[in-house]
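S.K.: Below is a structure I'd like to ask you about.
Number of protein chains: 2
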Amino acid sequence: MVINTSTRLHQVKAYLLNYISQNQLKRNDQLPSEAAIAKTLGVSRNTLREAYISLENEGIIVRRHGIGTFVAHPPVIRDSLNEFLPFAKLIQDSGYQPNFQTLSMGFVPASIEVNDALNTPPSTELRCIKRLVLADQQPVIYVEDYFAPVVEEAALNWDDFNGNMVHFLAASLGSPLHQIQSRIRAAAISPDISQYLELEAGTPILSVRSTIYAVDNRPVTYSKICFNSTIMELDIVRIIRTK
Amino acid sequence: MVINTSTRLHQVKAYLLNYISQNQLKRNDQLPSEAAIAKTLGVSRNTLREAYISLENEGIIVRRHGIGTFVAHPPVIRDSLNEFLPFAKLIQDSGYQPNFQTLSMGFVPASIEVNDALNTPPSTELRCIKRLVLADQQPVIYVEDYFAPVVEEAALNWDDFNGNMVHFLAASLGSPLHQIQSRIRAAAISPDISQYLELEAGTPILSVRSTIYAVDNRPVTYSKICFNSTIMELDIVRIIRTK
DNA sequence: TAAGAGAAGTTGGACGTCCAATGTTTCTCC
DNA sequence: GGAGAAACATTGGACGTCCAACTTCTCTTA
Numbered sequence: 001m002v003i004n005t006s007t008r009l010h011q012v013k014a015y016l017l018n019y020i021s022q023n024q025l026k027r028n029d030q031l032p033s034e035a036a037i038a039k040t041l042g043v044s045r046n047t048l049r050e051a052y053i054s055l056e057n058e059g060i061i062v063r064r065h066g067i068g069t070f071v072a073h074p075p076v077i078r079d080s081l082n083e084f085l086p087f088a089k090l091i092q093d094s095g096y097q098p099n100f101q102t103l104s105m106g107f108v109p110a111s112i113e114v115n116d117a118l119n120t121p122p123s124t125e126l127r128c129i130k131r132l133v134l135a136d137q138q139p140v141i142y143v144e145d146y147f148a149p150v151v152e153e154a155a156l157n158w159d160d161f162n163g164n165m166v167h168f169l170a171a172s173l174g175s176p177l178h179q180i181q182s183r184i185r186a187a188a189i190s191p192d193i194s195q196y197l198e199l200e201a202g203t204p205i206l207s208v209r210s211t212i213y214a215v216d217n218r219p220v221t222y223s224k225i226c227f228n229s230t231i232m233e234l235d236i237v238r239i240i241r242t243k
Numbered sequence: 001m002v003i004n005t006s007t008r009l010h011q012v013k014a015y016l017l018n019y020i021s022q023n024q025l026k027r028n029d030q031l032p033s034e035a036a037i038a039k040t041l042g043v044s045r046n047t048l049r050e051a052y053i054s055l056e057n058e059g060i061i062v063r064r065h066g067i068g069t070f071v072a073h074p075p076v077i078r079d080s081l082n083e084f085l086p087f088a089k090l091i092q093d094s095g096y097q098p099n100f101q102t103l104s105m106g107f108v109p110a111s112i113e114v115n116d117a118l119n120t121p122p123s124t125e126l127r128c129i130k131r132l133v134l135a136d137q138q139p140v141i142y143v144e145d146y147f148a149p150v151v152e153e154a155a156l157n158w159d160d161f162n163g164n165m166v167h168f169l170a171a172s173l174g175s176p177l178h179q180i181q182s183r184i185r186a187a188a189i190s191p192d193i194s195q196y197l198e199l200e201a202g203t204p205i206l207s208v209r210s211t212i213y214a215v216d217n218r219p220v221t222y223s224k225i226c227f228n229s230t231i232m233e234l235d236i237v238r239i240i241r242t243k
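These protein sequence lines map, in sequence, to chains U and C. First residue of the first sequence? That's 1 in my numbering, and the numbers climb one at a time after it. First residue of the second sequence? That's 1 in my numbering, and the numbers climb one at a time after it.
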């Protein structure tokens with residue numbers, strides 16, 4: 001896995017980064033076409049294209065089909081993980097019109113990952129809601145919520161579900177909630193989710209897996225969340241307490 | 001940016017995912033070679049290779065040069081963002097031998113991003129330390145720390161710097177620290193950092209930008225941190241307080 | 001004048017080819 | 001038997017080509 005940093009691809013990317021700074025290109029400024037740069041550098045358009053794709057994944061440029069390649073916008077929406085703001089609220093705070101779209105809702109066989117988290121036996125069928133959160137009609141977050149059997153026993157009124165999981169459960173459930181555990185990693189977006197977020201498969205996204213626990217430490221819900229990282233980032237503020 | 005989900009690449013990836021589950025392949029099980037599958041599916045090896053690369057970025061498989069392609073390991077190291085554990089401690093807790101490696105230390109012209117965060121005028125020269133954190137000799141975290149002029153005025157003894165920024169500053173600096181703001185996003189790793197983390201350029205990584213503030217709300221340090229997301233993830237536990 | 005057809009330029013997707021780099025296995029020869 | 005060389009299989013990197021899809025601009029025509 002050790003890298004040779006002097007591959008042609010690396011050289012091309014270095015050239016492009018240099019080109020942007022040398023010419024003092026700013027956001028939305030257009031870069032030369034793939035073909036033009038490929039000819040200038042004497043590399044194949046394939047190689048140059050890979051360099052462009054790579055730089056796009058790094059958030060440095062944006063390629064637009066049939067138009068050209070441009071210097072990228074910075075991220076726009078900002079989430080705050082240490083508050084329990086509904087997605088709708090934080091999107092509104094960022095100056096966008098929030099919307100929800102329910103993709104599906106029903107009972108599905110839980111995967112090993114979900115069974116592990118919710119402490120349910122294999123081949124359990126769990127309620128699963130798949131949703132999309134949009135900002136100005138642009139999908140930005142994909143959410144899969146899985147609900148432990150304890151939630152079903154409570155016989156909740158799902159029509160009341162307003163999109164904010166914590167508030168809904170806290171209001172509806174008998175035993176109070178206690179904590180959320182979130183595990184965050186970066187991943188390339190999977191093919192099936194990429195279509196919902198209207199991203200190309202392979203684009204880096206923030207993948208968050210959250211488990212909500214009740215006061216008796218029983219898991220209540222498990223959520224898989226994918227953030228479109230090109231237009232939003234997580235924001236965490238912590239107070240320092242040194243001993 | 002809308003996606004056609006029935007491209008050849010998508011079909012190939014779907015086939016591969018199906019292949020893994022159909023044959024009940026488990027971690028470290030070997031997949032057929034690129035050439036073999038390409039022939040089976042009647043696509044070019046190029047296309048198949050892109051599918052493999054894509055699945056590797058999603059953490060589903062691992063390709064090994066000269067050997068073959070295998071079902072991937074799960075992530076291993078787990079960071080906890082809401083405690084101020086030194087990197088060394090959390091790596092040790094995960095069962096690995098931690099190590100630091102200082103790549104460079106000196107004064108560099110700050111970028112716009114750094115100047116914005118530290119509230120310093122353009123073309124300021126700031127102390128910058130670039131470090132690598134290793135687990136069992138495998139690099140897992142890349143860190144760039146920038147220090148505001150106020151730190152220099154304090155005339156710290158840099159030989160005492162043990163790797164834990166918060167503890168070092170809290171112990172050495174006059175005015176106490178107050179909070180950390182962290183912004184998290186996913187990105188493809190840049191070419192210059194990829195060599196340090198021994199990852200291929202373009203691999204998705206967790207990018208964290210942290211600013212540490214003193215009690216008077218003046219920024220003290222700004223850090224750019226890149227986590228190798230294939231072998232570690234961030235872990236955040238929050239207590240729920242509903243009104 | 002306005003609508004529409006067409007040309008030109010751009011990125012998107014895929015193919016086939018070639019050789020390099022890396023591990024593994026097999027064979028040869030001392 | 002053991003060391004080293006050779007053969008083989010696999011992924012890594014790059015090239016050149018072709019056509020599709022998308023956008024803009026220009027020119028034609030009613």
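Glycine included, every Cβ here is placed at the ideal spot set by N, Cα and C.
Out of T40(C), E50(C), T69(C), which has the shortest C-alpha to C-alpha gap to L25(C)?
M.R.: Distances from the CA of L25(C) to each of T40(C), E50(C), T69(C) were compared; the closest alpha carbon is that of T69(C).
S.K.: Need the endpoints of the beta strand (DSSP E) that S207(C) sits in, please.
M.R.: 204 to 214
S.K.: Cβ closer than 8 Å: which chain U residues qualify as neighbours of A155(C)?
M.R.: Within chain U, no residue comes near A155(C); the closest Cβ sits about 21 Å away, beyond 8 Å.
S.K.: Keeping to the same chain, check which residues put their C-beta closer than 6 Å to that of S210(C); ignore five residues upstream and five downstream.
M.R.: I180, S182, S223
S.K.: Using a Cβ cut-off of 8 Å (strictly closer), state whether L134(C) contacts chain U.
M.R.: No, no contact with chain U.
S.K.: Going straight from the alpha carbon of K13(U) to that of E198(U), what length do you get?
M.R.: 26 Å
S.K.: Out of V71(C), T47(C), N228(C), which has the shortest C-alpha to C-alpha gap to N18(C)?
M.R.: V71(C)
S.K.: Using only the alpha-carbon positions, how far apart do K245(U) and Q11(U) sit?
M.R.: The first residue shown for chain U is 1 and the last is 243, placing residue 245(U) beyond what the model contains.
S.K.: Name the residues in the segment 8 to 40 of chain C whose C-beta lies less than 9 Å from a C-beta of chain U; which are they?
M.R.: L9, H10, K13, A14, L17
S.K.: Note down, in chain order, each residue of its chain lying with its Cβ closer than 8 Å to the Cβ of M165(U), except the 5 sequence neighbours on either side.
M.R.: Counting only Cβ-Cβ distances below 8 Å, and skipping sequence neighbours, we find D145, I212, T221, S223.
S.K.: With a threshold of 8 Å between beta-carbons, can L90(C) be considered close to chain U, or not?
M.R.: no
S.K.: How should A188(U) be labelled, buried or exposed, when 16 other C-beta atoms within 10 angstroms of its C-beta is the threshold for buried?
M.R.: buried
S.K.: Below 8 Å on C-beta distance, what does A187(U) contact in chain C?
M.R.: N57, E58, G59, A186, P204, S229
S.K.: Which runs of the alpha helix (DSSP H), 4 residues or longer, sit entirely within the segment 35 to 119 of chain U?
M.R.: 45 to 57, 87 to 93, 112 to 118
S.K.: Under three-state DSSP, which class holds A186(U)?
M.R.: strand
S.K.: Beta carbon of P149(U), beta carbon of T120(U): below 8 Å?
M.R.: yes
S.K.: So, does the CB of I112(C) fall closer than 8 Å to a CB anywhere in chain U?
M.R.: no
S.K.: Name the chain C residues that come within less than 9 Å of S94(U), Cβ to Cβ?
M.R.: The premise fails here: S94(U) is roughly 14 Å from chain C at the closest Cβ pair, so nothing lies under 9 Å.
S.K.: If you draw a straight line from the alpha carbon of L134(U) to that of D116(C), how long is it in whole angstroms?
M.R.: 30 Å
S.K.: Which runs of the beta strand (DSSP E) at least 3 residues long sit entirely within the segment 146 to 178 of chain C? Give them in chain order.
M.R.: Look at the segment 146 to 178 of chain C and you find no whole run of beta strand (DSSP E) that is 3 residues long or longer.
S.K.: Would the beta-carbon of L177(U) fall within 8 Å of that of A154(U)?
M.R.: no
S.K.: Check each candidate in I236(C), R218(C), G202(C) and name the one with the smallest Cα separation from N228(C).
M.R.: G202(C)
S.K.: With a 10 Å radius around its C-beta and 16 neighbouring C-beta atoms as the bar for buried, classify F161(U) as buried or exposed.
M.R.: buried
S.K.: Output the distance between the C-alpha atoms of S111(U) and S21(C), rounded to the nearest integer angstrom.
M.R.: 12 Å
S.K.: Counting only the same chain and skipping the five closest in sequence on each side, list residues whose C-beta sits under 7 Å from that of E125(C).
M.R.: Result list for E125(C): F107, V108, P109, in chain order.
S.K.: Would you mind reading off the limits of the beta strand (DSSP E) that contains P219(U)?
M.R.: 219 to 227
S.K.: On the CB-based measure, 16 or more other CB atoms within 10 Å of its CB, does E200(C) come out buried or exposed?
M.R.: Buried: at least 16 other Cβ atoms inside 10 Å.
S.K.: Please determine, among L103(U), P122(U), R131(U), the residue with the shortest C-alpha to C-alpha distance to A88(U).
M.R.: R131(U)
S.K.: In or out: L55(U) buried (at least 16 other Cβ within 10 Å) or exposed?
M.R.: buried
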